Amino acid sequence: MEYNHQSLEKKWQNFWAANGTFEPSSNTDKPKYYVLDMFPYPSGAGLHVGHPLGYIASDIFSRYKRLKGFNVLHPMGYDSFGLPAEQYAIQTGQHPAITTEVNIKRYREQLDNIGFSFDWSREVRTSDPKYYKWTQWVFMQLFNAWYNNDADRAESIDTLKALFEISGTHGINAVSDDNVAEFTAAQWKAFSDEQKEAELLKYRLAYLRESVVNWCASLGTVLANDEVINGVSERGGYPVEQKKMMQWSMRITAYADRLLRGLEGLDWPEPLVEMQRNWIGKSVGATVKFPVPELNGNIEVFTTRVDTVYGVSFIVLAPEHEWVDALTTDDQRLEVQQYIDKTSKKSELDRMADTRTVSGAFTGAYAKHPLTGEKVAIWIADYVLAGYGTGAVMAVPSGDQRDYVFAKHFGLPIIPISDSQNITEEADPNKEGRYINSDFINGMTYREAVPVLVAKLEALKLGKAKVNYRMRDAIFGRQRYWGEPVPVYFKDNLPRLIKESELPLVLPEVNKYLPTETGEPPLARAENWKYQGQFDYEWSTMPGWAGSSWYWFRYMDPTNEDVFASKQAVDYWQSVDLYIGGSEHATGHLLYSRFWNKVLKDLGYHEQEEPFKKLINQGMIQGRSSFVYRVLDEQGKGTNTFVSYGLKDQYTTNALHVDVSIVYHDILDTEKFKSFRPDFAQAEFILEDGKYVCGTEVEKMSKSKFNVVNPDDIIESFGADTLRLYEMFLGPLEQSKPWNTNGIEGVFKFLRKLWRLFHGADGNFYVSDEEPSKAEYKSLHKIIKKVEDDIERFSFNTSVSASMICVNELIDLKCNKRKILQELIVVLQPFAPHITEELWALLGHQPGSISFANYPAFNPDYLIQSEFAYPVSINGKMKMNLSLALDLDKSTVEEVVLANADVQRYLDGKNVKKFIFVQGRIINIVV
RNA sequence: GCCUAGGUGGUGGAACUGGUAGACACGCAGGACUUAAAAUCCUGUUCCCGUUAAGGGAGUGCGGGUUCGAUUCCCGCCCUAGGUACCA
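As structure tokens, then:
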């Protein structure tokens, strides 16, 4: 029988599904291993060939781990709440649940074709009420928690209430809103229920408060910072403006430092760790207060260079700073007001694009320098951001380039503060010299000055050491329909949780998926949707990241109706050992997941500080578009003639995308092209060498560019095993690369050769029971070692190459020996599961048992010593590698050395006096 | 600007801690089989010189350095991709 991938692959996919082959055993002594993929949003376009890249890699690793004796959890599901389904609903009136269901079905079919070892019995969908019941439950845990800085962990809100009962706010060290009240235990007890709730809300990890948000009018919703790219929405690219709104937020800033520290122990790609570090943006410095006698208060600034405080020659406030109005003198009022008007009109984009122009306005007011007592002018300028630090900076023109430019532009003093500064052209922020013009720190170095200054400011109560973070609390509400309802109702204008027993709070039906006429979110349209028939529910829904911020727990125990996952399951599976997904989630999903994981840990639901131990970012697969060149006539109109790529420069042409499915090795199938579009039916071609050559370009895969390659088509022609191997063979997993079907025949041939190795010319299966030769064992054990090493370091492209070499060698040796092939197919099983299952069964093993066979043990004795290169030193210092010459068993050590040209050259005729051996190897040569 | 990754044949890419650069595959060229084509198999394929060959020279973005030996390590520069940006 010839290699028939179509029947063979279907057969095994059905077998695996029918037998639940990949459900991990619940009762086992095997060590556990949890392999997770970032679950997809099921979009209407279906999968293209780029989507499964990471899934194939994780599947190879999962299968490999099973062969290595692990109890592997490898689940899959759908992140099925999201904007596209809702946009579609708005346009068509179709309920998003229906669209989602259809899309999921299509995804599932496509995924099934590839032969993954997912345990589908554990599938989760974030839009399923049985699932989002627990997303709502997690929200409740966050609502019912506060962050105790002294314990450095979240605690139940009940412990905070208890502390208030005993001593009021005295001694509380919590992460909270800025505007918390101070009160005694007696005052607390005297508070009304509403007052207490209002106060507690300022401490909860999930809280409601008025905040400046990224409002996207086109999408009709607010967006988190990571959903805004360059001032426009990540989805759709619509403009985003700043707006004050009552919003649900998550107090992720409470975890800033733990999120930062936790990065150190993770086996994650360095760029990704770096991205999270930058996002958290820790800066260590100090706050300094500049008294303003007129207002009977202080302007507080944050600085990382408190040592430059004597170089302060003015203060700059953000135009939005709350004191600007009160500070501005009557003389300056007009100018200040004009400046504020001007900057507030600038969009976020303009403000960023325009970083070169210096602008600002003087308020007319002065503050007192905290140490010298001198008058310091107060300015406003839009280079100071209201949202970072205190929204005010102390300007040190000699040490900060922006302050320098500003001072030069407005003619403000520039005070040098260090004997090593050169400030004739620009600011000089170096920390090398000793201070000048700096009163009591004159002559000190940077290291000496900082602690003394901080101590002095603290003694004066005009400053203290402070750590600042760039990360903001995460906005949690979305004014959209297709998301988890927030399990909250309003009583006396204050949010209250519904009871746990009332979960899930099911998404109500609405007549339209748009905001109401009064601008309320779509959920406000739901009729008779009131808690206990009288209280309004929260109308905003949770953001897209809610459901994905804890889903790895649900896979551990997906059908449990009593808890999000049983204690037993959580204790067993612990956390994800290997997580594979794209790096685009660096500052969104991966940060929020770590946050929720830590909260759930603090509240005692599990014991893992981090959810994902090892992370791999697979690269993106781009499309490779093909072009034809239409000749234009003298009026610039398109003719019916198309010129081949190599000759196009002789004509005036315009390039048109042509469907990649009618192009083979960049040669256009001109007949198919004629039926590609009706107006091409009469097309004529100017050929080169009798062929029409297409131009190519690497672009994003998209329908409009006709460069989408559907995995189903590849599987139809070449099979799932070929697709899997080829995706891996394409290059390093982490690297982004364009899809190019051109090379796929190479791996297809490889599988066919493997098949033919077991089959005689008559097409019958045939293996020999003869004892394999030394050379045959060598081939086998080379691949065992190579593939094992490569899988462990996720170098799948090289393991595929090694497999090809091995099969070629066995073909040259005409080896069809049972002992060799049996182990070879186990090694190949993770990559090409279908063909190997078939061969395994043909060898007489129980069907399906290959998935849990033992990975063959590597035996170094089968390899000659030359395979082990090792370094050798000469006279104890020089290192060289003797791998080349040790091939011959008969060689004496002298012969070995003399056979190596490099060694000879180095020895340069000198006599070898002595060889130093350790464990039968030369490690040193003395001359 | 800053951070991170990378730059190797016609193409995708190998070379794991410095040790025969270009594995493996695609493509291309030639050959076998065939009336022919497809499929399959075999041979060759970094570039330059050498009629073939033997042989020689150059070569991993550019310029230096360390080393017996550098794609690999160090210094300076150029380019590409991703991230980030008045963050005080």
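Per this note's numbering, the first sequence starts with residue 108, numbered consecutively. For every residue, glycine included, the Cβ atom is placed at its ideal position computed from N, Cα and C. Keep in mind the model is a prediction, meaning the values are calculated, not measured.
What's the call for Glu668, buried or exposed, on a 16-neighbour Cβ count within 10 Å? exposed
Quick one: give me the first and last residue of the beta strand (DSSP E) that Gly392 is part of. 389-399
Name the residue from Arg925, Pro963, Asp664 whose alpha carbon lies nearest to the alpha carbon of Leu949. Arg925
By DSSP, does Pro592 sit in helix, in strand, or in coil? Here DSSP, grouped into helix, strand and coil, assigns Pro592 to strand.
Looking only at its chain, what residues have a beta carbon closer than 8 Å to the beta carbon of Lys309, apart from the 5 residues adjacent to it on each side? Ser283, Asp284, Asn286, Val287, Arg316
Within the continuous alpha helix (DSSP H) that includes Met247, where are the two ends? 236-250
By a C-beta neighbour count over all protein chains shown, 10 Å radius and 16 as the cutoff for buried, is His277 buried or exposed? exposed
Once you ignore the five residues that flank Val815 on each side, which residues in its own chain have a CB closer than 6 Å to its CB? His155, Met808, listed in sequence order.
Does the Cβ-Cβ distance between Gln354 and Val399 come in under 7 Å? no
Among Ile522, Trp636, Pro718, the one whose alpha carbon lies nearest that of Ser505: Ile522
Can the beta-carbon of Lys755 be found less than 7 Å from the beta-carbon of Tyr736? yes
Flag this pair as yes or no: are the beta carbons of Gln586 and Pro650 separated by less than 7 Å? No.
Just verifying my parser: in three-state terms, what is the DSSP assignment at Arg632? The three-state reading of DSSP puts Arg632 in helix, counting H, G and I together.
Under three-state DSSP, which class holds Thr497? coil
In whole angstroms, what is the alpha-carbon distance linking Pro665 and Phe671? 8 Å
If you scan the stretch 553-628 from start to end, which runs of the beta strand (DSSP E) of 3 or more residues do you find wholly inside it? Runs of the beta strand (DSSP E) inside the stretch 553-628: 570-576, 595-598, 601-604.
Opposite Leu775 in the DSSP bridges: which residues? Val770
Using a 10 Å radius around the Cβ and a threshold of 16 neighbouring Cβ atoms, would you call Leu492 buried or exposed? Around the beta carbon of Leu492, a 10 Å sphere encloses fewer than 16 other beta carbons of the protein chains shown; the residue is thus reported as exposed.
Excluding five sequence neighbours on each side, which residues of the same chain lie with their C-beta closer than 6 Å to the C-beta of Gly151? Asn210
Could you check if Pro191 is buried or exposed, using at least 16 other CB atoms within 10 Å of its CB as the buried criterion? The residue in question, Pro191, is buried, as its Cβ has 16 or more Cβ neighbours within 10 Å.
Can you give the Cα-Cα distance for Ile422 and Arg229, rounded to whole angstroms? 59 Å
Sorted by chain position, which residues of the same chain lie with C-beta nearer than 7 Å to Leu946's C-beta, five sequence neighbours on each side aside? Counting only Cβ-Cβ distances below 7 Å, and skipping sequence neighbours, we find Phe865, Ile932.
For Pro602 and Ile582, what's the separation of their Cα atoms in angstroms? 16 Å
So, do the stretch 548-565 and the stretch 617-631 have three or more beta carbon pairs nearer to each other than 8 Å? no
Identify whether Phe801 lies in helix, strand or coil by the three-state DSSP scheme. The identity of residue 801 in the sequence shown is Cys, whereas the question assumes Phe. The answer is coil: DSSP assigns Cys801 none of H, G, I, E or B.
Is it the case that the Cβ atoms of Phe792 and Phe749 are separated by a distance below 7 Å? yes
Scan the stretch 661-707 and note each continuous alpha helix (DSSP H) run of 4 residues or more that stays entirely inside, going in chain order. 674-680
Suppose the cutoff is 8 Å on Cβ atoms and the five residues either side in sequence are ignored; what does the same chain contact list for Leu402 look like? Trp430, Ala433, Leu434
I'd like the list of long-range same chain contacts for Pro594, defined as Cβ closer than 7 Å, with 5 residues on each side in sequence excluded. Gln243, Phe246, Met247, Leu604, Ile605, Leu610, Leu612
Per the DSSP calculation, Thr328 is bridged to which residue(s)? Paired residues: Cys323.
When you compare the stretch 189-204 with the stretch 652-660, are there three or more beta-carbon pairs, one atom per stretch, that lie closer than 8 Å? no
Is the beta carbon of Leu722 sitting closer than 7 Å to the one on Tyr686? yes
Cβ pair count under 8 Å reaching 3, the stretch 214-221 against the stretch 631-645: no
Could you tell me the alpha carbon to alpha carbon distance between Leu484 and Val419, rounded to whole angstroms? The displayed chain sequence assigns Ala, not Leu, to residue 484. Rounded to the nearest angstrom, the two C-alpha atoms are 10 Å apart.
Give a yes or no on whether the C-beta atoms belonging to Val894 and Ser902 are separated by under 7 Å. no
Taking 7 Å as the threshold (C-beta atoms), are Glu407 and Lys396 in contact? Yes, they are a contact pair.
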